[in-house]
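Peer 1: Protein sequences, first through last, are from chains A and B.
Be aware that the first sequence starts at -8, since it is given in the numbering used here, and climbs by one per residue.
Be aware that the second sequence starts at -8, since it is given in the numbering used here, and climbs by one per residue.
Ideal Cβ placement from N, Cα and C applies to all residues, glycine included.
One structure follows; several queries about it will come next.
There are 2 protein chains.
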Amino acid sequence: MVDLRDGVERVCRAAKEASAPMAHADASRKNAALAAMAKGLRERAEWLKAENRLDMEAARTKGISAAMLDRLLLTDERIRHMADGIEEVIALPDPVGEVTKMWRRPNGLWVGRMRIPLGVIGIIYESRPNVTADAAALCIKSGNAVVLRGGSEAIRSNTAIARILRDALSGGGLPADAVSIIEQTDREAIDCMLAAEAFIDLIIPRGGEGLIRSVVEKSRIPVIKHYKGVCHIYVDEDVDLPQAVSVCVNAKVQRPGVCNAMETLLVHEKAAPAFLPAVAAELVKNGVELRGCPWTVRLVPQAKPASDEDWGTEYLDLILAVKVVASMEEAMEHIRRYGSLHTEAILTTDHARAMRFVREVDSSLVLVNASTRFNDGFQLGLGAEIGISTTKIHAFGPMGLEELTTTKFIAFGDGQVRQ
Amino acid sequence: MVDLRDGVERVCRAAKEASAPMAHADASRKNAALAAMAKGLRERAEWLKAENRLDMEAARTKGISAAMLDRLLLTDERIRHMADGIEEVIALPDPVGEVTKMWRRPNGLWVGRMRIPLGVIGIIYESRPNVTADAAALCIKSGNAVVLRGGSEAIRSNTAIARILRDALSGGGLPADAVSIIEQTDREAIDCMLAAEAFIDLIIPRGGEGLIRSVVEKSRIPVIKHYKGVCHIYVDEDVDLPQAVSVCVNAKVQRPGVCNAMETLLVHEKAAPAFLPAVAAELVKNGVELRGCPWTVRLVPQAKPASDEDWGTEYLDLILAVKVVASMEEAMEHIRRYGSLHTEAILTTDHARAMRFVREVDSSLVLVNASTRFNDGFQLGLGAEIGISTTKIHAFGPMGLEELTTTKFIAFGDGQVRQ
Chain A
-8 MVDLRDGVER VCRAAKEASA PMAHADASRK NAALAAMAKG LRERAEWLKA ENRLDMEAAR
52 TKGISAAMLD RLLLTDERIR HMADGIEEVI ALPDPVGEVT KMWRRPNGLW VGRMRIPLGV
112 IGIIYESRPN VTADAAALCI KSGNAVVLRG GSEAIRSNTA IARILRDALS GGGLPADAVS
172 IIEQTDREAI DCMLAAEAFI DLIIPRGGEG LIRSVVEKSR IPVIKHYKGV CHIYVDEDVD
232 LPQAVSVCVN AKVQRPGVCN AMETLLVHEK AAPAFLPAVA AELVKNGVEL RGCPWTVRLV
292 PQAKPASDED WGTEYLDLIL AVKVVASMEE AMEHIRRYGS LHTEAILTTD HARAMRFVRE
352 VDSSLVLVNA STRFNDGFQL GLGAEIGIST TKIHAFGPMG LEELTTTKFI AFGDGQVRQ
Chain B
-8 MVDLRDGVER VCRAAKEASA PMAHADASRK NAALAAMAKG LRERAEWLKA ENRLDMEAAR
52 TKGISAAMLD RLLLTDERIR HMADGIEEVI ALPDPVGEVT KMWRRPNGLW VGRMRIPLGV
112 IGIIYESRPN VTADAAALCI KSGNAVVLRG GSEAIRSNTA IARILRDALS GGGLPADAVS
172 IIEQTDREAI DCMLAAEAFI DLIIPRGGEG LIRSVVEKSR IPVIKHYKGV CHIYVDEDVD
232 LPQAVSVCVN AKVQRPGVCN AMETLLVHEK AAPAFLPAVA AELVKNGVEL RGCPWTVRLV
292 PQAKPASDED WGTEYLDLIL AVKVVASMEE AMEHIRRYGS LHTEAILTTD HARAMRFVRE
352 VDSSLVLVNA STRFNDGFQL GLGAEIGIST TKIHAFGPMG LEELTTTKFI AFGDGQVRQ
């Protein structure tokens, strides 16, 4: 255990030391290293696949599920995707050094806020090896160092990817340790990492709710997290029916397994008689199972009765809970009680209600007349994201490059002293 | 212990429930409640002093130090100060609801970021009762609810102040529980509060390093903290000597017991022969004890030799560590090693070095040619602050009203769906 702790601490300390030169590296140098990373991944694809095969064989021996095996697999296409992802990050503006505001004080002192990197980001993730490249690229572009701790079943794949990224950093005159990987696969290695508050500034866990809860419980370092996405759409009494059908079908069906898919549909009682049968027909045609409140079941013969557990459930599947409400207030109260602060939408033609819903609903993204599926860094125009935060400290919603920075105050004077 | 936990949880839950109406309260309503708070403090000053006397008597019986007794004392002047402080908060702009940016996506979707409150702020503080009013006013103005846990020795004073603030809230149609106070004086009550992650969004500890370290260790809720301020001034080789003397004397002497006072002076070897005797004469005249490196001791007969412990020490007193350095790089390296990320300044006439120091030094405020004493919300033009953060997550530097908020994404569409 002492050896393990020393080993993990050595990796974290090396990342911290690398974070100072990274913080001052120009965008051109960081972009050159990122380009070399993408090139390295493409050129060494055969080696990556060979390393990945060793992980795959070990995982098969352990009897890991087919779904997990699929997540673990690296194909030529997936390696190309990783490289493309890094090139997309090159194209994003460098947030570091931006002076976001500057103002003059009555005593002549100029005061401003300048964007700086956070320092060292710790990423704890599960089986997908692509996270190694995706997360590292965002951390490097934003001037941070990163400590990566992937799933034990992907250790050879992750280590191989990290090797390529580290070679690209050294080749470009940047410290290789800016991408550091914890190779100890013991579970206790995570505990050691979560105690390394002297070296790591922020922890981002990526994976299932179980992983995230255990990280939050143990960490002495701030954690940015996202437990689940129970996204609601409220269909108002005044609504464009065909548009509402199209948005609801998109929010549920376009990719049901992701966190920004709709899980519960709330419908105003005045809209329900016309809207519910119309939307139900389209949803059922797309294979969606409906679970409704008694009123819904009366209007929609295809719907099964919902149980209490259906409200607030993240199905991540072609299942939808449906409830008729007497007012927008009732819808907002339902969201407050069962929502996950992730994504909520109102579909309405009424301006005042649209504006009130946007103001009062407490979610990382609140939409009017658009699909919940837009809660995504690229879709909102922020570029690649390292995750979506449903906690309000530091970042709320998709976390892109800007959210991997903070601001320091700067001041230019000519001898000012305090009276 | 179960009763204690239930009691604390009840208070935190009530604050959480109050946070929803607070989040939607207009600035005019919040300002009216703040005005009533200030008025209440002024009008009920006699009662406050009577309650405070009971705390003072109990503290004297316990044999508490004279310095702590002085901090605990409420006088007419101090009560007026609390009321004035609340009125200053009324004058600050309400950050809630501000749309900080808005842009249009290629598909016609408008996307923006809107400022919203964090929710419930937990403040854990020591003996000064004025924190009760100061912190509550900032939380209320920024649309948050607050859970207050002051020192046990100030329990009657804090409870009396909170009563006045709560009356003002109810009188103004806002929930009294937006200012909630934990009246259990057991130390375990803090542990229960730090475990109430379902109800509290952010913890701000205010007090000595011991209090803060114990809060960070135990908290499952994010903590914004500030251990200490070891502030450095670097006097460059090219410098306006009289200006540098005036700034250094101000940074050390104007109020030595606070976190933004200078603790270590670094002087370029080319400036040292002229500058050090001049600044030493002024500092010694003001009662400052100098502890210097061997070079300093040779140049300044009044200086004692510094020991290794002097570098990185927060004296909070009329003591100054002084070191001669061979270059700005050596000064920056010293700051990296011994600094506390609080406040650092360079005094120079050279533009390139000024800009490099500002860019590369990692502190919540980096100044050129001005006193470190400006690291303060009012001095920087942000208004009242709830504390100064030296961690980079969420807030770095003085934490004013804006830092008590976050932004959510909002989007206005006309039927957009994801392809």
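(1) At a CB-CB cut-off below 8 Å, which residues of chain B make contact with A:V226?
(2) For B:G374, name the three-state secondary structure that DSSP assigns.
(3) Buried or exposed: which applies to A:W38, given that a residue is buried once 16 or more other Cβ atoms fall within 10 Å of its Cβ?
(4) Kindly indicate the opening and closing residues of the beta strand (DSSP E) around A:V258.
(5) Expressed to the nearest angstrom, what Euclidean distance is found between the alpha-carbon atoms of B:S210 and B:M253?
(6) By a C-beta neighbour count over all protein chains shown, 10 Å radius and 16 as the cutoff for buried, is A:G(-6) buried or exposed?
(7) Is there contact here, the stretch 22 to 42 of chain A with the stretch 72 to 84 of chain A, by at least three beta-carbon pairs under 8 Å?
(8) Is the stretch 116 to 125 of chain A touching the stretch 379 to 389 of chain A in the sense that three or more CB pairs, one from each, lie closer than 8 Å?
(9) Against B:I203, what residues of chain A qualify as contacts under a CB-to-CB distance less than 8 Å, listed in chain order?
(10) For the stretch 139 to 163 of chain A, list every residue whose C-beta sits within 8 Å of some C-beta in chain B, in sequence order.
(11) Classify B:R246: buried if its beta carbon has 16 or more other beta carbons within 10 angstroms, exposed otherwise.
(12) Does the distance from the CB of B:E68 to the CB of B:C183 come in under 8 Å?
(13) A:F387 CB to nearest chain B CB: under 8 Å?
(14) So what does DSSP say about A:K30, is it helix, strand or coil?
(15) Nearest chain A C-beta to B:Q299 closer than 8 Å, yes or no?
(16) What residues match up with B:V316 in a beta bridge as DSSP calls it?
(17) Among residues of its own chain, excluding the 5 on either side of A:A496, which ones have a beta-carbon nearer than 6 Å to its beta-carbon?
(18) Please classify A:E200 as buried or exposed, where buried requires at least 16 other C-beta atoms within 10 Å of its C-beta.
(19) Counting only runs of 4+ residues fully inside the stretch 105 to 155 of chain A, write out the alpha helix (DSSP H) ranges in chain order.
(20) Quick one: does A:Q407 have its CB under 8 Å from some CB of chain B?
(21) Which of the residues in the stretch 4 to 21 of chain A, read from start to end, lie with their CB under 9 Å from any CB of chain B?
(22) Could you name the residues that DSSP lists as bridge partners for B:C222?
(23) Given that a residue counts as buried once 16 or more other Cβ atoms are within 10 Å of its Cβ, and exposed if not, what is B:T363?
(24) Using a Cβ cut-off of 8 Å, which residues of the stretch 339 to 360 of chain B contact any Cβ in chain A, in chain order?
(25) Return the residue from the list A:V244, A:H223, A:F365 that minimises the CA-CA distance to A:K276.
(26) Short of 8 Å in beta carbon distance, which residues of its chain neighbour A:L309, apart from the five on each side in sequence? Order them along the chain.
(27) For B:P84 and B:S133, what's the separation of their Cα atoms in angstroms?
(28) Inspect the CB distances between the stretch 319 to 338 of chain A and the stretch 358 to 373 of chain A and report whether three or more fall short of 8 Å.
(29) Candidates B:S298, B:P233, B:D299: which alpha carbon is nearest B:E273's?
(30) Could you please give the first and the last residue of the uninterrupted alpha helix (DSSP H) stretch that includes B:P12?
(31) My assumption, with CB atoms under 8 Å, is that A:I173 sits in contact with A:A180. Please give the rounded CB distance.
(32) Does the beta-carbon of B:D227 have 16 or more other beta-carbons within 10 angstroms, so that it is buried, or is it exposed?
(33) Give a yes or no on whether 8 Å exceeds the smallest Cβ distance from B:W94 to chain A.
(34) For a quick check, are the C-beta atoms of A:R16 and A:L165 less than 8 Å apart?
(35) Quick one: what's B:P296 bridged to in DSSP?
(36) Could you have a look at A:T334 and say whether DSSP puts it in helix, strand or coil?
Peer 2: On the basis of the supplied data:
(1) Walking along the first sequence from the start, residue 226 of chain A turns up at place 235. Those within 8 Å of A:V226 in chain B number zero; the least Cβ separation is about 13 Å.
(2) What you label residue 374 of chain B is simply residue 383 of the second sequence in a count that begins at 1. Looking at B:G374 - three-state DSSP - the assignment turns out to be coil, as it is neither helix nor strand.
(3) Locating residue 38 of chain A in the first sequence gives position 47, counting from the first residue. Flag for A:W38 reads exposed.
(4) Locating residue 258 of chain A in the first sequence gives position 267, where the first residue counts as 1. Element bounds for A:V258: 253 to 259.
(5) Counting from one through the second sequence, the residue named residue 210 of chain B turns up at place 219. Counting from one through the second sequence, the residue named residue 253 of chain B turns up at place 262. C-alpha separation (whole angstroms): 31 Å.
(6) In the first sequence, the residue the question calls residue -6 of chain A occupies position 3. The question names Gly, but residue -6 of chain A is Asp in the sequence shown. Counting C-beta atoms within 10 angstroms of its own C-beta, A:D(-6) has fewer than 16 neighbours from the protein chains shown and is therefore classed as exposed.
(7) yes
(8) no
(9) Here residue 203 of chain B refers to the residue found at position 212 when the second sequence is read from its first residue. Neighbours of B:I203 in chain A, taken as residues whose beta carbon is under 8 Å from its own, are absent, since the nearest beta carbon is some 13 Å off.
(10) none
(11) Taking the second sequence and counting its residues from 1, one reaches residue 246 of chain B at position 255. The residue in question, B:R246, is exposed, as its Cβ has fewer than 16 Cβ neighbours within 10 Å.
(12) Residue 68 of chain B sits at position 77 when you count from the first residue of the second sequence. Residue 183 of chain B sits at position 192 when you count from the first residue of the second sequence. Result no, Cβ atoms of B:E68 and B:C183 do not sit closer than 8 Å.
(13) Translated into positions along the first sequence, residue 387 of chain A becomes position 396. Yes, its Cβ sits closer than 8 Å to a Cβ of chain B.
(14) The sequence position of residue 30 of chain A within the first sequence is 39, counting from 1. In this structure, A:K30 counts as helix in the three-state DSSP scheme.
(15) Locating residue 299 of chain B in the second sequence gives position 308, where the first residue counts as 1. With the sequence shown as reference, residue 299 of chain B is identified as Asp, and Gln is not the correct amino acid for it. For B:D299, the answer is no, since every Cβ of chain A falls outside 8 Å of its Cβ.
(16) The sequence position of residue 316 of chain B within the second sequence is 325, counting from 1. For B:V316, which the question treats as bridged, DSSP gives the partners B:H259.
(17) Nothing about residue 496 of chain A can be read from this structure; chain A reaches only from -8 to 410.
(18) Numbered from 1 along the first sequence, position 209 holds the residue referred to as residue 200 of chain A. Around the beta-carbon of A:E200, fewer than 16 other beta-carbon atoms lie within 10 Å, marking it exposed.
(19) 121 to 132
(20) The sequence position of residue 407 of chain A within the first sequence is 416, counting from 1. Closer than 8 Å to some Cβ of chain B, the Cβ of A:Q407 qualifies, so yes.
(21) A11, A14, H15
(22) On the second sequence, position 231 is the one that residue 222 of chain B refers to. Answer is B:M253, bridged to B:C222.
(23) Here residue 363 of chain B is taken as the residue at index 372 of the second sequence, counted from 1. Label assigned to B:T363: buried.
(24) A345, V349, R350, E351, D353, S354, S355, L356, V357, L358, V359, N360
(25) By 1-based counting over the first sequence, the position of residue 276 of chain A is 285. Cα-wise, what sits closest to A:K276 is A:V244.
(26) Working through the first sequence from its first residue, we reach residue 309 of chain A at position 318. So the list reads K243, V244, P247, N277, G278, V279, E280, once near-sequence residues are dropped.
(27) Residue 84 of chain B sits at position 93 when you count from the first residue of the second sequence. Residue 133 of chain B sits at position 142 when you count from the first residue of the second sequence. Answer to the nearest angstrom: the Cα atoms are 9 Å apart.
(28) yes
(29) For the purposes of this step, residue 273 of chain B is identified with residue 282 of the second sequence, where counting begins at 1. Among B:S298, B:P233, B:D299, the Cα nearest to that of B:E273 is on B:P233.
(30) Here residue 12 of chain B corresponds to residue number 21 of the second sequence, with the count starting at 1. Start and end: -7 to 15.
(31) Taking the first residue of the first sequence as 1, we reach residue 173 of chain A at position 182. Taking the first residue of the first sequence as 1, we reach residue 180 of chain A at position 189. Confirmed, Cβ separation roughly 5 Å.
(32) In the second sequence, residue 227 of chain B corresponds to position 236, counting from 1. With 16 or more other Cβ atoms within 10 Å, it is buried.
(33) Indexing the second sequence from 1 puts residue 94 of chain B at position 103. It does; some Cβ of chain A falls within 8 Å.
(34) For the purposes of this step, residue 16 of chain A is taken as residue 25 along the first sequence, with counting starting at 1. For the purposes of this step, residue 165 of chain A is taken as residue 174 along the first sequence, with counting starting at 1. It should be pointed out that residue 16 of chain A corresponds to Ala in this sequence rather than to Arg. For A:A16 and A:L165, yes; Cβs fall inside 8 Å.
(35) Locating residue 296 of chain B in the second sequence gives position 305, counting from the first residue. DSSP lists B:G283 as partners of B:P296.
(36) Numbered from 1 along the first sequence, position 343 holds the residue referred to as residue 334 of chain A. Residue state, collapsed to three classes: strand.
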